[in-house]
Amino acid sequence: MLRFDGREDGSKITVEEVPEELNQEVEVWRRRLLEAVVLLDDDVLETYVETDDVPVEDIHRLLRQGTLAGVFQPTVCGSALDCIGVQPLMDAVTAYLPSPLDRPPVVGIPADAVKLTGKQARRQARKKALEGDESEGVVGIERSCDPDAAFCGLVFKVQSDVHGDLCFVRIYSGTLIGGTRVVNARTGDKELVNQIWRVQADDREKIETDRAIAGDIVGVIGPKVAVTGDTLCDASEPVLLESIDFPETVISMAVEPDTSAERKKLAEVLERLARQDPTFTARVSEETGQTIISGMGELHLEVIRERMQRDFGLTVRVHKPRVSYRESIRKAAEATGEFQRTSAGASQFARVRLSIMPTAEECAAELESHLDPFALSPVLTESLVQSLHEELAGGGMLGYPLMNVRVQLLEVEVREEETTEVALQAAASDAMHRLLTEAGVLLLEPVMQLEVVTPDEFLGPIQADLNARHAVIVNSQRRGDLAVLNAEVALARMFGYSTQARSLSQGRATYSMEPLKYDEAPRDVLETMLG
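Numbering (our numbering), first residue to last: 740 to 1270.
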C-alpha cells in the first residue's frame, strides 16, 4: 500500500503493509482484476485456473492489451487538490496507454490540393484519400512516427501572455530543430522556430538540445501566424493534417478602450486572444467603426474581458450583448454578375457565374472553384477568391455571415487589357447579390443546449419560466435529491437568465448552457430586420 504525505504536495511516499481490516476488501478487488485480464489470454487463463494466481508481468501486459483494445479502463486513485497519486497515475500512463509507435501513420493531404475550398470540402477530400478514393484528385499522404522522416506537427493550442505566444505542437513525424523555419500548410507562410520548451502544467523548461522528435509534445516559441489546428511541416514535403473543428460563435458585443490612445493596444490584445482561443473572434464593424467581439456565451465574453484587464492591463467598456445571427438559403440557385464601365477612355469588364446550394449538414459557408487553373492569372485568382470569401463572411442579404451553403465558382469571362481586380470584385459582388436574391434568405439563430439543476420545491417556477422563454424540454430526471431539466432554447431568449434563475430558486438552482445548433429564426424577427 502507498501512503502519501499531503503536507508535501504528494512528493513523499511510504510503502506500507495493507491494514488487516482492509485485507478482505483488497482481495475482492484483486480477484476482480485478475478475472478481467485473464480473459484476454488463454494461456494465462489456464495458469490462473491451475495456480489461482497470475504473474505480475502478465497482469501489466494484459492491462495494456485490454486498454489499447478498449476492453476496459484502468482506474487509479488520487487527489488533484493535494497532488496525491500523481506518481501512480503517470506510471499507469506510461505502462498502459498507447505510445505514438502504437498508432497507425497519420494521413494528410497535399497542402495545395484544395486551395479554394472550405473545411467541409477539405474534410471530404481527406476522407476519400484515406479510403484510397482519388475521385477528388487528392492522394493521401502518410506520415509515420519516424524521427528521420520529413517533419510535420499539429498546433493544438496557442497560449498568449505579455511575454509572447507559446504554440503547443504534437510532432507526428520527423525532427523539429530550434532556429529553423517550417511552413504553415494552411497559409503557406514560413514560421521561425526560435525555441523549443518542455511544458509541465505551469512549469516550462527549455530543451537543451533544442530539438524534438516524432511522438513528442512540446511548446514552441516563434510562430507568428499559426493558430490552433494549423499544420507545421517541412517546406520540401508540405502536408495538411486534419484540423480541429470549432463551433460558430453565438453572441457578440461591442467593446471600447477607456482612452483613444489604447485603441491600438486593444487591437493587438484581441488579435492575441483570438489566436489562443479559436471560439473567440474580433472584428471592426464597417458601419459603425466599433470593435465587435464574439464568443460562445455571456460568460465566455466576460472571461475575455477579465483577461484583458488581468493579463494585459487593458480596461474596456462593454455594450449590451447581441445574438450572432447567420444567414442561409431556401433553395439552390445560379446567377451571373457583370461589371462593365468606361471611365476616362478606359474600359473595365468582368463577368462571373456562380451557383449556390444548401449543404446536408451544419457547416460554415464553402467555396469551390470549377475554373480551369489557367483561366486567370494568379493575381486575379487571389483577388476573386478573396472577394468571394468576404461576401460569404458578411455579404448576406441582412449582412450576417452565410452558413450551411456551398458556393461554386463556375465560369469567369475576361477581356485582355479590360479585366482588372476591381472589375472582378465588382462582378463577383453583383453575382452574389443576384444569387442570394434568387435563392431566398433564411435567417438562422443560435439554439443552446441548457441544463438546469434545482431543488424540487423550485421546479415548478423554473419550468414555467423556461416555457415562457419557448424552451423545449427534452428530458427531466433525478440526480440524488435534485431535479435536472435538459432543454433546447434560442439564445435570444436567455439574456439575463442567470439573475432570473437565482431569483426563482433563492440562489439554489444552477445551470449550464452550450451551443447546440443554428435553427430558423421566427418569422417576425426576419420581418423586423427586413423592415
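Idealized CB from N, CA, C, for every residue including glycine.
The structure presented is a predicted model; accordingly, all values stated were derived computationally and were not measured.
Exercise for review: Give me the Cα-Cα distance between LEU741 and SER912, rounded to the nearest whole angstrom.
Suggested key: 39 Å
**Study point:** the segment 1088-1095 contacting the segment 1064-1077, beta-carbon criterion three pairs below 8 Å
**Key:** yes
Exercise for review: Report the rounded CA-to-CA distance for ASP1050 versus ASN923, giving the unit in angstroms.
Suggested key: 28 Å
Point to revise | Whole-angstrom C-beta distance between LEU1106 and LEU1127, which should lie under 8 Å | key: 6 Å
**Study point:** Beta-carbon proximity of ALA1248 to VAL1191, cut-off 8 Å
**Key:** yes
Practice item. Identify, in the order they occur along the chain, each residue of the same chain with its Cβ nearer than 6 Å to the Cβ of THR1159, setting aside the five sequence neighbours on each side. Key: GLN1087
Exercise for review: Could you pull out every residue in the same chain whose Cβ sits closer than 7 Å to the Cβ of THR856, ignoring the five residues on either side in sequence?
Suggested key: With a pLDDT of 49 at THR856, under the threshold of 50, the modelled position of this residue cannot be trusted; read the value that follows with caution. Within the same chain, THR856 has close Cβ partners GLU1105, LEU1106, GLU1107.
Point to revise | Own chain, CB closer than 6 Å to ALA1222, minus 5 neighbours either side, in chain order | key: THR1193, ASP1195, LEU1198
Practice item. Using DSSP bridges, identify the partner residues of ALA1229. Key: VAL1186
**Study point:** Rounded C-alpha distance that separates GLN1202 from SER1244
**Key:** 11 Å
Point to revise | Residue ranges of each alpha helix (DSSP H) within the segment 913-975, 4 or longer | key: none
Point to revise | Residues near VAL1023 in its chain [Cβ-Cβ closer than 6 Å; skip 5 each side] | key: THR1030
Exercise for review: Apply the 10 Å Cβ neighbour rule to CYS816 and answer buried if 16 or more other Cβ atoms are within range, or exposed otherwise.
Suggested key: exposed
Check your understanding: In angstroms, rounded to a whole number, what distance separates the CA positions of GLU1155 and GLU1101?
Key -> 41 Å
**Study point:** Alpha-carbon to alpha-carbon, PRO1017 and GLU930
**Key:** 19 Å
Practice item. Confirm, please, whether the CB-CB distance from ILE916 to GLY954 is below 8 Å. Key: no
Exercise for review: Can you grab the Cα-Cα spacing for the pair GLU1045 / ASP928, in whole Å?
Suggested key: 32 Å
Review point. Does DSSP classify LEU855 as helix, strand or coil?
Key: With a pLDDT of only 43 at LEU855, under the threshold of 50, the placement of this residue in the model should not be trusted; the figure read from the coordinates follows. If DSSP states are grouped into helix, strand and coil, LEU855 belongs with coil.
Check your understanding: How long is the line joining the alpha carbons of PRO1060 and ILE1032, rounded to whole angstroms?
Key -> 10 Å
Point to revise | Separation of SER1168 from ASP830, as counted between CA atoms | key: 60 Å
Point to revise | Stretch-stretch touch, CB-based, cutoff 8 Å, three pairs: the segment 985-997 with the segment 934-948 | key: no
Practice item. Please go through the segment 793-848 and give each complete beta strand (DSSP E) segment of 3 or more residues, from N-terminal end onward. Key: 845-847
Check your understanding: Do ALA1178 and ALA1071 have their C-beta atoms within less than 8 Å of each other?
Key -> yes
Point to revise | Spatial distance of VAL1180 from GLU1066 (CA atoms) | key: 7 Å
Review point. Hey, CYS891 and THR948 are a contact pair by Cβ (cut 8 Å); roughly how many whole angstroms apart?
Key: Rounded, the Cβ-Cβ distance is 20 Å, inconsistent with contact.
Check your understanding: So, MET1268 versus MET1233, is the Cβ gap smaller than 8 Å?
Key -> no
Exercise for review: Can you give me the Cβ contacts of TYR1250 inside the same chain, cut-off strictly under 8 Å, excluding the 5 residues immediately before and after it?
Suggested key: LEU1189, GLU1190, VAL1191, VAL1192, TYR1236, SER1237, ALA1240
**Study point:** Limits of the unbroken beta strand (DSSP E) element including VAL776
**Key:** Per DSSP, VAL776 belongs to no beta strand (DSSP E); it is in the alpha helix (DSSP H), 762-776.
Exercise for review: Please go through the segment 975-1043 and give each complete beta strand (DSSP E) segment of 3 or more residues, from N-terminal end onward.
Suggested key: 990-996, 1020-1023, 1030-1034
**Study point:** THR926 versus MET1096 - alpha carbon distance
**Key:** 27 Å
Check your understanding: Does DSSP put SER1067 in a helix, in a strand, or in coil?
Key -> strand
**Study point:** Residue(s) in a DSSP beta bridge with ARG1218
**Key:** LEU1221
Point to revise | PRO758 - containing alpha helix (DSSP H), residue span | key: No alpha helix (DSSP H) holds PRO758; DSSP gives it neither H nor E.
Practice item. Per DSSP, which residues does GLY1076 bridge with? Please list them. Key: VAL1091
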